[in-house]
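Residue numbers (the working numbering), protein chains in the order written: chain S, -3 to 771; chain E, -11 to 407.
The C-beta atom is built at its ideal place from N, Cα and C for all residues, glycine as well.
The next block holds one structure in the form of structure tokens; read it before the comments.
Listed below in structure tokens is the structure:
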């Protein structure tokens, strides 16, 4: 028993008024009456307040429960029974918080809605408070009080679907930055330069923090920026037109523990009051109107006591711990089975049939039987589905497609008859010139005496390298993927590409990409998350699918925010679910995250009937299974196929576009292997190459390549004479590809010239429709 | 402050022609939002005729995130329509962000709109949510304290049916007479001046569109038509997506200002008229029977125009997040446009909180298809039409053997009955 770890709390020191009541509580007269206990079972901690029948506080404590809510409550109750004579059948108990619903009935307690509880405590202890912000581990709430005494009313706003603005949001990033909780609690807000941190999603905030850190921003500034983001998110989403008026009470763990967060609140509220000309009571300065009571943690529990006191004596009578013990030892595991669902497959025959169609053992998409066996794949170039490599060095004329992605660069060679002759890749080393050289060395070795008759590039590198390599077709990713998809499956309606960090959905109509969804703002639904969980369970990537298929049952995880999904997993583990089962559960919700949460496609019917799955995450057969099952459940007659060259789809598509261009009479501008091999360049990394488009100030590098006919950059801070071409690298966002304001001016002038030549009616409206002078 | 009030209005009892009132010191702010984007010049003409000087007519700036953050933060109201939500920033800017304080904030509740299709459709009313937007938004400025009164601003939000011109004088006179110290005659004059100014601008814009089409016809070049609501011209609402396409060398038309000249529409809709499918080129009853909403009607007509007009090779649809008015028009407008092989791309759910897609990639995708297929599309659509094009001599470009009589009309009808 760890009772010695219970934090002992001084009498409530919240308000002078409240103080008096509590001081009075030290008199022994409360003992004769039935006691009343308020228990707040939150997402990260449990808190209790024990009071005498006339509302004098007898004891209170809080502890983290590490996702074992029921166990912690039991521990508390045992402690209260032993030390404070909490008596079954006599004393009363009231619960609030996210875990209250399950636990309260087991011990005879009544559930009080959280906000009601908090509001009751605030009304009693701080009658003059007009606005309360309570930030919890996974939720945030605000309460506005208006009117006085009998006409007093309250408006409550809360959100708990997204991690933005909650305690988890701060802690998750702090953990990543390896800041101890003690240090975090003392870190400040005021006086630091603030940087833009995504206030919406915890996972992206973490990414932003990483970028800032890489750029050399101090940890202190990053944390201050996090506090800023949390307060901004609370004010932006939870005030809805109301001005928080003094006095203000800040409650909940994060508000209490993080000094910097309190400072951020004070800064923002004082500023808001100045702007809105909110009068302060005489002689008071705004910051004194914002209070954080020492026992801010206990307000919900305290409120339970207050509400409980108004309830009839027969409500919430404590029934002892027997049922709760049963629940912990047996009940919750039975519950697990009831709440869970079957595994990823109905019966062995079904799984076998699935594996026969899509699996072929390795499930990595390189076999020729990836569920494409319905005979609908275009048969004319069957060799494309199964590369036939002639002896190295003996290829004829080829069309080359390159895909310069963020982590790898790939190249493929197609014959003019669209046969896939060769493919290779190079891991990106941050210098696209070297990556290109590496690719073309491999291609040269492969085609030997052969000749490149057309060259296309896709991926982020397409604009950078077009001129340097002499590429004929820079192909946008969507077109490349569509071309590759339609080549194999001419009747496809949709291509779903789930990669490591992003989700792309391309909707096709009459052979054209008519709609395109890219999930880049929210981490939900991507493959990196799945991989992260597998790593935590120490399951190798290649075993992931098999382990998931072993599960006979799996937990029902919640769709949406990846941050909460993580804590959901911990919860499920606590309920006794095993790694295999949790992996299966994760695979099962992936389609929901991909299509509904990230893609925003609630109605797959409108998308079409034939789906191509590609991208790294679909190498996991368990994911393919859940994707297929999900799509079929929406559209029974749908057909789902896995792209036979999932990884090279972009490069193949680019090559197909180049081939078409050639067939229309295009003659290649490819510079030739020797020219590429001999490309000479100089790299500049200095203060002049730092990006200033945003506060992250990435340290970019300029790679200047000597190239006949290049225009140079006379206007640049790092001037470049003609005959040289510049490639910008080490930028962390597309904006950084633009050198600086000088280049922006040059580019804009060009755009303006085009725009003047090709008018837009909206420009006429914008320029003239609001004119006041005679037109 | 020389500001006319109720008292002065009642004190004056004009017996004969009243002297023109001096309103030159009065400053009026107008929120540049919603359907003000298609009725702009009406308000300018109206106010100027009342004697408000040009420099005292102030429009809020284009919608922007900064505007919302600086002036609208904390004054938001619950509304699912993003363009409506943005009004708080505009109001805030007019109240707090002007060097010279305004006296009157004019934010009309526009109930119906002037329309090229007037008389050929059931009605030309606006979206109710958009119409009532000012009512929703003003709450954020009155809820705690009357922010307008504190800043000595009169908030005027007349309900007005600009689609029914004969009603407008009465509708503006009643709510505005105390605000501006008006009498009925001068209100009538001002309304007339307002419509004159609006009509002038609209005619000019339609002529500009015709010029663009003429250039396309003479040079065999493609252009793009935007199907959207007028306020998508606001850079903060439409995000200037069409500007990205324009920068690739394509002229941009907007359905609001398509040319409605007889020679042109009679040529485009010739077959449909001959077949009796429609009674008039502006008749949309073949594709849209419940033709009440002005902007929706025009979107449908724009789709019909685009599918027939050879040089409009691509239609770009813009729609804000969860727009209930746009919802039922998505599929019909798409099917109509695509009936002749015209390209159609939708940027839906603009400003949704959920992620949608990289605009740059999508624009490059569209440009790819435009450059690949435009020529073919122009040729195909030319073959559907008679050689008597009023814009350019096209006879030489047509391939008579392909001259199918009513292919587009039939295809469009087919697409719709399938709905």
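Sequence ranges, alpha helix (DSSP H) only - wholly within the segment 575 to 658 of chain S, length at least 4: Within the segment 575 to 658 of chain S, complete alpha helix (DSSP H) segments of at least 4 residues are found at 575 to 587, 617 to 630, given in chain order.
Contacts that residue 132 (chain E) makes with chain S (C-beta to C-beta distance below 7 Å): 239
Is residue 212 (chain S) buried or exposed, if buried means 16 or more other CB atoms sit within 10 Å of its CB? Taking all protein chains in view, the Cβ of residue 212 (chain S) is surrounded by fewer than 16 other Cβ atoms within 10 Å, so the residue is classified as exposed.
Whose Cβ in chain S lies nearer than 7 Å to the Cβ of residue 120 (chain E)? None at all; the shortest Cβ gap to chain S is about 16 Å.
Take residue 513 (chain S) and list the residues in its own chain whose beta-carbon comes closer than 6 Å to its own, dropping the five residues that flank it on each side. Hits under 6 Å: 501, 595.
Could you tell me which uninterrupted alpha helix (DSSP H) segments, each at least 4 residues in length, are contained entirely in the segment 227 to 301 of chain E, listed from first to last along the chain? Within the segment 227 to 301 of chain E, the complete alpha helix (DSSP H) runs of at least 4 residues are 229 to 234, 250 to 256, 258 to 263, 282 to 296.
So is residue 251 (chain E) in contact with chain S if we call contact Cβ pairs under 8 Å? No, its Cβ sits nowhere closer than 8 Å to a Cβ of chain S.
Residue from E:89, E:101, E:111 whose Cα sits closest to the Cα of residue 137 (chain E): E:89
Residue 354 (chain S) and residue 617 (chain S): beta carbons closer than 8 Å? Yes, these two residues count as a Cβ contact at 8 Å.
Sort out for me which residues DSSP pairs residue 136 (chain S) with in a bridge. Looking at the DSSP assignment, residue 136 (chain S) forms a beta bridge with S:131, S:155.
Check whether chain E comes within 8 Å of residue 246 (chain S), counting only Cβ atoms and requiring the distance to be less than that. no
Would a check of beta-carbon distances place residue 286 (chain E) closer than 8 Å to chain S? no
Go ahead and label residue 275 (chain S) buried or exposed: buried means 16 or more other beta carbons lie within 10 angstroms of its beta carbon, across all protein chains shown. exposed
Residue 221 (chain E) at chain S interface by Cβ criterion, 8 Å: yes
Just to confirm, are residue 119 (chain E) and residue 106 (chain E) a CB contact at a threshold of 8 Å? no
Segment contact flag, the segment 69 to 84 of chain E with the segment 41 to 49 of chain E, C-beta cutoff 8 Å, min 3 pairs: yes
If we count the other Cβ atoms within 10 Å of its Cβ and call it buried at 16 or more, is residue 48 (chain S) buried or exposed? buried
Kindly indicate which three-state DSSP category residue 503 (chain S) falls into: helix, strand or coil? It is a strand residue.
For residue 769 (chain S), which residues in chain E fall below 8 Å Cβ to Cβ? 42
What does residue 241 (chain E) reach in chain S if we use C-beta pairs closer than 9 Å? 756, 757
Span of the beta strand (DSSP E) holding residue 492 (chain S)? 490 to 494
Could I get the ranges of all uninterrupted beta strand (DSSP E) runs contained in the segment 398 to 442 of chain S, with 3 residues as the minimum, in chain order? 404 to 410, 416 to 423
Does residue 752 (chain S) get closer than 8 Å to chain E when you measure Cβ to Cβ? no
What is the rounded straight-line gap between the Cα of residue 51 (chain S) and the Cα of residue 32 (chain S)? The straight-line gap from Cα to Cα measures roughly 8 Å.
Under 8 Å from the C-beta of residue 747 (chain S): neighbouring residues of chain E: 235
Is the distance from the Cβ of residue 150 (chain E) to the Cβ of residue 27 (chain E) below 8 Å? Against a cut-off of 8 Å, the Cβ pair of residue 27 (chain E) and residue 150 (chain E) comes out as a contact.
If you check the beta carbons only, do residue 465 (chain S) and residue 667 (chain S) fall under 8 Å apart? Result yes, Cβ atoms of residue 465 (chain S) and residue 667 (chain S) sit closer than 8 Å.
Strictly below 8 Å CB to CB, what residues from chain S border residue 334 (chain E)? 510, 511
In whole angstroms, what is the alpha-carbon distance linking residue 284 (chain E) and residue 311 (chain E)? Using only the alpha carbons, I get a separation of about 12 Å.
Residue 268 (chain S) versus chain E: which residues are under 8 Å apart at the beta carbon? 62
Beta-bridge partners of residue 322 (chain E), as assigned by DSSP: Within the DSSP secondary-structure output, residue 322 (chain E) pairs in no beta bridge.
Starting from the Cα of residue 682 (chain S), find the closest Cα among S:256, S:644, S:694, S:673 and give me that residue. S:694
Cβ neighbour criterion (16 or more within 10 Å) applied to residue 207 (chain E): It counts as exposed.
Closest Cβ-Cβ distance between residue 29 (chain E) and chain S: below 8 Å? yes
Secondary structure of residue 755 (chain S), DSSP reduced to three states: DSSP places residue 755 (chain S) in the coil class of the three-state scheme, outside both helix and strand.
Going by beta-carbon coordinates alone, are residue 450 (chain S) and residue 649 (chain S) separated by less than 8 Å? no
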